[in-house]
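Just so we're aligned, residue 159 is where the sequence shown starts under the working numbering, counting upward by one. Accompanying notes for the structure given below.
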Amino acid sequence: MTDRPATIVRDPAKLALPPNLGDWAQARQQFRWSDVRHELFGSAGGHGNIASLALDRHLAAGRGRRTALRCVAEDGTVRDVSYAELASRANRFANLLGALGVGAGTRVFMLTGRRPELYESVLGSFKAQCVVSVLFTAFGPEPLRTRLEIGEAEVLVTSASLYRRKIAPIRAALPKLKHVLLLDADSATKAASQDPVTHNYELLMTAASQEFTTLPTAAELPALLHFTSGTTGTPKGALHVHDAALMHFATGRYALDLHDQDIFWCTADPGWVTGMSYGVIAPLLHGVTLIVDAGDFEAERWYRILDEQQVSVWYTAPTALRLLMKAGRELADRFRRPSLRLIASVGEPLNAEAVWWGVDVLGQPILDNWWQTETGGIVVANTPSQPIKPGSMGRPLPGIEACVVEHEADGQIKVLQGPDVSGELALQRGWPSMFRTYLGQSERYDKCFVGELYLSGDLVRRDADGYYWFLGRSDDVIKTSGHLVGPFEIERVLMEHPAVIEAAVVGLPDPIAGESIKGFVTLRAGEDADDSLRSQLIAHARRRLGPSLAPRDIAFVESLPHTRSGKIMRRLLRSRELGLPEGDTSALEIAR
Ligand code: ATP
Ligand code: MG
């Protein structure tokens, strides 16, 4: 890796399309949220409903025949849904809710695979001014019960088979859940559910009118409830408002560089904030075509979709990229990527090797960006027109004021100035998609803010050029031999080694060092997990990091524990190593 340049500079004139973000500094200086508001609502003080912006605005502009959703079924068959069709189905769903007596503010949950009904019911719920929460279908009954309970779900859209397997066993424990709307329902299911308020989705949709007039929607009206990934503990329910659409629109423009004719694929499930903000809202706000893949990750399937569907902008995650790297170059080379113009990644640190793999194998660098459930949208990003520093998450987008802070002994916060600083990443409050509370945990919410600053809980370094580098989460920090170190600083070095695909490190109690560092790594196919490789890796880490920060031991593992949204659960590695209770594992992905 050392022979690679530290920065990738692309000539904007050579990009397939002129990037939306030209000069970064100038764009930041000129940016006003009121201008975005004006563009979307026609006045600097305007506000409105996410679904009206995502659907009705396009219909009014004569763009109703465009393809909104290109749905790829598990067997690969493709079905297109136009903006007009999606709008009329969303209207039906809004009317259906009205017919059930469900009104503004009601929590409507979805638990279904990625299929058109998921998208139409989400958008219809926005129209009816209900609060939407999408649950990940791989959750078992218990994690579902917790989330439905915390979220005070009154309506649930799900399929007959998911209902039978996952909801029927917990329904009695959810007295607030008034209506269940079943997809693929038949009379047998209805009889089996023995419940008077379990409805047949399609029958009610057919009976509902396809005309619906959305009521004026206040900027601060709650729209979305997202549960965090549960990487560091029990998932929190973050509430977002309709005004968040401004952020989704602006970041779709600047970070994802969405252009009129784009075919956009966000691989995240709408059960996670990425799959909602960018897998539903941002692309529809921009009127582009959204790929909806019903299938799960499979390297060949993904390459085929990029090829056959002519995806132009692709938003994915480091875990998936690392699995593609593991699958090897030959597979990548069997497919074309005729239209692919931009690849972005979020969710976990993207190591420099992965960015360079993008250059070598996919023909372009992968653009890492950073944000959280709490920020609701992309905040720090690499963009196509800007120099990319592989391994860095980029710089704050227009409209975002970020800084690095230090906690002082008296509980105060000090904003660190200077050309190269490390500390906690903080944001000036006021960006439109900022979460408005943690449901049922308002004290915890209040603790995230000090004055005008939101404290992210993530540790970063900001270099002399203003680029942010992820160091780790503040809860994951390791204290060893008098040093404070973020795990990613060490993992990044382990992943430089050609044998390593993925790495995680944790601190274990040590009487002398305070904590000693243990690494867990997965290896590229064909590598021997033996003592010689272990010594090589430790020697490599000692050379790059110095003896006190290098792992003292390394375990070779088949896979690392991930959350279902793809994040490494270091706390689980640590508690397993120490024989401690595992804590909340509701978000744990079954090992791949
Ligand atoms: P929980 O808050 O429940 O522990 P979580 O923080 O993983 O879970 P999310 O909101 O889904 O839940 O994830 C946001 C976090 O993911 C960020 O705070 C950061 O730690 C990590 N993250 C996101 N993008 C990046 C990135 N580009 N580089 C490094 N880390 C990232
Ligand atoms: Mg978090």
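Where is the CB? At the ideal position from N, CA and C, for every residue including glycine. In this text the structure is predicted, and so the values were computed from the model without any measurement.
| Asked | Found |
| --- | --- |
| Cut-off 7 angstroms between Cβ atoms - residues of its own chain near residue 309, not counting five sequence neighbours on either side | 265, 267, 291, 383, 395 and 597 |
| Residue 482 versus 497, 471, 512 and 472, residue with shortest Cα-Cα distance | 512 |
| Reference residue 286; option with closest CA among 344, 341, 380 and 237 | 380 |
| Alpha helix (DSSP H) runs wholly inside the stretch 240-317, at least 4 long, in chain order | 241-257, 274-285 and 299-308 |
| Element boundaries [beta strand (DSSP E), containing residue 586] | 579-586 |
| DSSP-derived helix/strand/coil call for residue 750 | Low local confidence applies: a pLDDT of 40 at residue 750 is under 50, so the model's placement there is unreliable, with the coordinate-based value given in what follows. Reduced to three states, the DSSP call for residue 750 is coil. |
| Coil, strand or helix - residue 627 by DSSP | strand |
| Pairwise C-alpha distance: residue 616 and residue 490 | 34 angstroms |
| Length at least 4, wholly inside the stretch 373-418: the alpha helix (DSSP H) runs in chain order | 402-412 |
| Check whether residue 601 and residue 587 have beta carbons under 8 angstroms apart | no |
| The stretch 515-534 contacting the stretch 496-506, beta-carbon criterion three pairs below 8 angstroms | yes |
| Rounded C-alpha distance that separates residue 453 from residue 727 | 24 angstroms |
| Span of the alpha helix (DSSP H) around residue 646 | 645-654 |
| Residue from 721, 733, 592 and 642 whose Cα sits closest to the Cα of residue 296 | 721 |
| N-terminal and C-terminal residue of the alpha helix (DSSP H) that residue 692 is part of | 689-703 |
| Short Cβ contact (8 angstroms threshold) for residue 593 with residue 398 | yes |
| First through last residue of the alpha helix (DSSP H) which encompasses residue 600 | 600-605 |
| CB-CB length for residue 409 against residue 210, believed under 8 angstroms | Incorrect: roughly 20 angstroms between the Cβ atoms, too far for contact. |
| Length of the line joining the Cα atoms of residue 239 and residue 464 | 19 angstroms |
| Among 188, 532 and 582, nearest to residue 589 - alpha-carbon criterion | 532 |
| Residue 616 (DSSP reduced to helix, strand or coil) | strand |
| Segment contact flag, the stretch 242-255 with the stretch 271-286, C-beta cutoff 8 angstroms, min 3 pairs | yes |
| Straight-line gap, residue 509 to residue 550 (C-alpha atoms, nearest Å) | 8 angstroms |
| Boundaries of the beta strand (DSSP E) in which residue 672 is found, first to last residue | 672-681 |
| At least 3 beta-carbon pairs within less than 8 angstroms: the stretch 617-634 vs the stretch 467-482 | no |
| Among 467, 433 and 486, nearest to residue 457 - alpha-carbon criterion | 486 |
| Environment of residue 361 [buried if 16+ CB atoms lie within 10 Å] | exposed |
| Residue 466 to residue 493 span [Cα, whole Å] | 9 angstroms |
| Near the ligand ATP: residue 507 beta-carbon under 7 angstroms from a heavy atom | yes |
| Residue 426, enclosing alpha helix (DSSP H) - first and last residue | Premise fails: residue 426 is in no alpha helix (DSSP H) and is neither H nor E. |
| Residue 393: CB within 7 angstroms of a non-hydrogen atom of the ligand ATP | yes |
| Euclidean distance between Cα positions of residue 443 and residue 284 | 14 angstroms |
| For residue 229 and residue 583, the rounded distance between their alpha carbons | 38 angstroms |
| Residue 651 beta carbon less than 8 angstroms from that of residue 644 | no |
| Near the ligand FAD: residue 685 beta-carbon under 7 angstroms from a heavy atom | Absence of the ligand FAD from the depicted structure is noted, with the ligand ATP and the ligand MG being the only ligands included. |
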